[in-house]
Amino acid sequence: MNRSSSLESSILQTLRQQEQERTMGLPGWNIEVRLAKRDHRSFTLPVVRIKGWTKKHSEAPHIKAIVVDLKEQTFQVKTHTRQTRELLPPMPLTLNEILLDAVLFSIKTEEVQSAIDRMSAASGTPAPVIVLADRRHSPSTDWFAEAREWIVAHYGVSYLASSPRPIRADRAGDFVLLPGRPALTPKKMKKELDQVCWRVYSRIWERALTSQMTGAQVQRMNLEVVAGAGGRYLLHRQGEELLERGYLQALSLQKPGRSTAFLSKDHPLFQSGEELTLVEVLAQRRSEETNHAVSAIELYRSRAGLAPVSAVDFRLALSRLQAEGYLDHDESGIRLNDYGRQTAERLINDRAVQEDEADCPLCGKSLKLVQGPFGPFWGCSDFPRCRFTRSVHLKISCPLPGCGGWVVERQGKSGRRFYGCSRYPECTFISWEKPTDLLCPVCQRTMLVEKADDNGGVVLYCSTCRSSRPRNATGDS
């Protein structure tokens, strides 16, 4: 999905993960086992698989027999992994970015532009919002000093980036948006600005200040335990825990304290084959009447590392996803349909690959972006001792069936841009239009591409059924 639909992308992935977690385990029943490691507090794991399980076992007498059998078993750790990753703070908003995201404000694009114009031209020194020209101007040293002083005063020195992070627009003709003075918080400006200006200013202020803060740290944990002959019972749980809040501390919509982790960071690592002590076994009939969509926003907020979101923005995003054919709505609530489920799985797979591509697979050193004669590519930072290279893909799978490659942007000898496959020459996919990861909702056969229309705008186009739709459709067009 494009930048303006990053919220929808995250929601699709969260709803799919919720579906997967809900379907794990035994149909109709939740069987949980409370275990403990010596000298440590106990924890609960659900039984997600029983070898030989059939539908008849869902009857209460069979469940009671399983509970009795579990109490006689020895529980051993199969796998336990922890992975810590850093979430880097976002850079300040640019003019193009905030106009693309205007729909998330429930404000028309022209109203956002008008608010920025009025604030940047406001009387006083300095104005509430400063617009910086692309690649020619950067904030003054006084601005950085005031921002860093404010962060230390309100959050402490541990939340301050080690050095000022440079701020410049990446694209020619674009502008970076900053508050005139970091000390002018949204709370102080609320009485000075009208509602539209204040909402725009709040986002600009938060993004600008957080760009000068430390990153957040998230720990992802996974634990599998087996019991019974041949590993008849499999217990499994995974989750994420926020170790260091970093820049998330300054985001007003990010609620602290919630975590999907089942183990504290203070727990030691379990060793494969290690025996655990049984505390109790609990069995409860699962209610299938639960409206899972009601708790979707709370689930989203509890996932460490996801962008903060208000209830209003979340409902608007759900409405857009439903209008664009990703969700169905019935008496039981909102849920993913087949089209939305397929798109969510592609996004989850793309994210997993992206997280694995930060380091060189040959020597382990970090990769850096290099500009070549036919476009950018990733090269090892230890060059020339290591000559590993990788194409810069767009986080979009190659649309050719069975390929498994990724769409990459290339540049021909004439300078014209086109799109190919990272597995070239094994795969000969080529497109002059930028592919997307969205399946056409009309014919359900071809992935959509971005194409210029007669008015100079960009639409999503299907080459099979020749249907088109606005790139940032909200269901109104």
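Going by the working numbering, the residue at position 442 of the sequence shown is 442; the numbering climbs one at a time, nothing skipped.
The C-beta atom is built at its ideal place from N, Cα and C for all residues, glycine as well.
(message) To the nearest angstrom, how far is the alpha carbon of Asp117 from that of Glu149?
(response) Asp117 and Glu149: Cα-Cα distance of roughly 28 Å.
(message) Given a cut-off of 8 Å on the beta-carbon distance, is the pair Thr446 and Ser463 in contact?
(response) Yes, these two residues count as a Cβ contact at 8 Å.
(request) Within its chain, find whatever has a CB closer than 6 Å to the CB of Phe270; leave out the 5 residues flanking it on each side and keep chain order. (result) Only Val77, His80 meet the Cβ criterion.
(message) Going by beta-carbon coordinates alone, are Met91 and Ile167 separated by less than 8 Å?
(response) If you check the CB distance, Met91 and Ile167 come in under 8 Å.
(request) Whole angstroms is fine: what's the gap from Lys187's alpha carbon to Tyr201's? (result) Lys187 and Tyr201 have their C-alpha atoms some 11 Å from each other.
(message) Quick check on DSSP: helix, strand or coil for Gly340?
(response) Looking at Gly340 - three-state DSSP - the assignment turns out to be helix.
(request) Please name the residue in Val370, Pro441, Met221, Val225 whose C-alpha comes closest to that of Leu70. (result) For the residues Val370, Pro441, Met221, Val225, the minimum Cα distance to Leu70 belongs to Val225.
(request) Ignoring anything shorter than 3 residues or poking outside the region 195-241, list the beta strand (DSSP E) runs there in chain order. (result) DSSP runs (the beta strand (DSSP E)) wholly in the region 195-241: 216-227.
(request) Pick out whichever of Ala250, Glu111, Phe429 has its Cα sitting closest to the Cα of Pro401. (result) Put simply, of Ala250, Glu111, Phe429 the residue whose alpha carbon is nearest the alpha carbon of Pro401 is Phe429.
(request) Name the two residues that bound the continuous alpha helix (DSSP H) containing Ala60. (result) Start and end: 60-70.
(request) Kindly indicate which three-state DSSP category Ile11 falls into: helix, strand or coil? (result) Correct three-state label for Ile11: helix.
(message) So the candidates are Leu327, Val458, Asp453; which of them puts its Cα closest to the Cα of Leu15?
(response) Nearest option by C-alpha distance: Leu327.
(message) Could you give the first and the last residue of the continuous alpha helix (DSSP H) run that contains His154?
(response) For His154, the enclosing alpha helix (DSSP H) starts and ends at 141-155.
(request) Using the Cα positions of Arg207 and Leu93, report the straight-line distance between them to the nearest angstrom. (result) Arg207 and Leu93: Cα-Cα distance of roughly 6 Å.
(request) Give the single residue among Leu336, Ala452, Ser211, Arg341 whose Cα lies nearest to the Cα of Pro89. (result) Taking Pro89 as reference, the option from Leu336, Ala452, Ser211, Arg341 with the minimal CA-CA separation is Ser211.
(request) Would you kindly check if the distance between the Cβ of Leu243 and the Cβ of Gln219 is under 8 Å? (result) For Gln219 and Leu243, yes; Cβs fall inside 8 Å.
(message) Less than 8 Å between the beta carbons of Trp53 and Ala283, yes or no?
(response) Not a contact, by the Cβ cut-off of 8 Å.
(message) Taking the alpha-carbon of Glu72 as reference, which of Arg410, Ile107, Glu280, Ala452 has the nearest alpha-carbon?
(response) Selected option, being the one with the closest Cα: Glu280.
(request) Taking Val176 as the reference, give the member of Ile204, Lys191, Val408, Asp142 with the closest Cα. (result) When Ile204, Lys191, Val408, Asp142 are compared, the shortest CA-CA separation from Val176 is found for Ile204.
(request) Please report the residue range of the beta strand (DSSP E) in which Ser468 lies. (result) Annotation for Ser468: the continuous beta strand (DSSP E) segment containing it runs 468-470.
(message) Run through the DSSP bridge pairs and tell me what Ser431 is partnered with.
(response) Tyr419, per the DSSP bridge assignment.
(message) Quick check on Thr74: buried or exposed, where buried means 16 or more other Cβ atoms within 10 Å of its Cβ?
(response) Exposed: under 16 other Cβ atoms inside 10 Å.
(request) In the DSSP assignment, find the unbroken alpha helix (DSSP H) run with Asn447 in it and report its ends. (result) According to the sequence provided, residue 447 is Met. The question's Asn does not apply to it. No alpha helix (DSSP H) contains Met447, which is instead part of the beta strand (DSSP E) from 447-452.
(request) Return yes when the Cβ of Cys465 is within less than 8 Å of the Cβ of Val449, no when it is not. (result) One thing to note: Val449 has its Cβ no nearer than 8 Å to the Cβ of Cys465.
(request) List the residues that DSSP assigns as beta-bridge partners of Arg34. (result) Answer by DSSP bridge pairing, in chain order: Thr44, Glu280.
(message) Whole angstroms are fine: how far does the CA of Ala452 sit from the CA of Gly420?
(response) Approximately 19 Å between the Cα atoms of the pair.
(request) Would you kindly check if the distance between the Cβ of Met221 and the Cβ of Arg82 is under 8 Å? (result) Yes. Within cutoff.
(request) Buried or exposed for Val157, please, with buried defined as at least 16 other CB atoms from any protein chain shown within 10 angstroms of its CB. (result) In the assembly as shown, Val157 is an exposed residue. Its beta-carbon has fewer than 16 other beta-carbons within 10 Å.
(message) For Val407 and Asn96, what's the separation of their Cα atoms in angstroms?
(response) Approximately 24 Å between the Cα atoms of the pair.
(request) Quick one: grab the DSSP three-state call for Thr74. (result) Look at Thr74 here: in three-state DSSP terms it is coil, with no helix or strand label.
(request) Determine the DSSP secondary structure at Ile116, reduced to helix, strand or coil. (result) The answer is helix: DSSP assigns Ile116 an H, G or I state.
(request) Classify Ile98 as helix, strand or coil using the three-state DSSP reduction. (result) Of the three classes helix, strand and coil, the one that applies to Ile98 here is helix, per DSSP.
(request) Please check the pair Ala344 and Leu336, which I expect to be a contact at CB under 8 Å, by giving their CB distance rounded to whole angstroms. (result) With 8 Å as the limit, Ala344 and Leu336 qualify as a contact, their Cβ atoms being about 6 Å apart.
(request) Could you say which of Ser120, Ser42, Leu234, Leu12 lies nearest to Arg49 if we only look at CA atoms? (result) Relative to the Cα of Arg49, the nearest Cα in the group Ser120, Ser42, Leu234, Leu12 belongs to Leu234.
(request) Per DSSP, which residues does Lys365 bridge with? Please list them. (result) Bridge partners of Lys365: none, in fact.
(request) Using only alpha-carbon positions, find the residue among Arg232, Glu409, Leu367 that is nearest to Thr389. (result) The alpha carbon of Thr389 has as its nearest neighbour, out of Arg232, Glu409, Leu367, the alpha carbon of Leu367.
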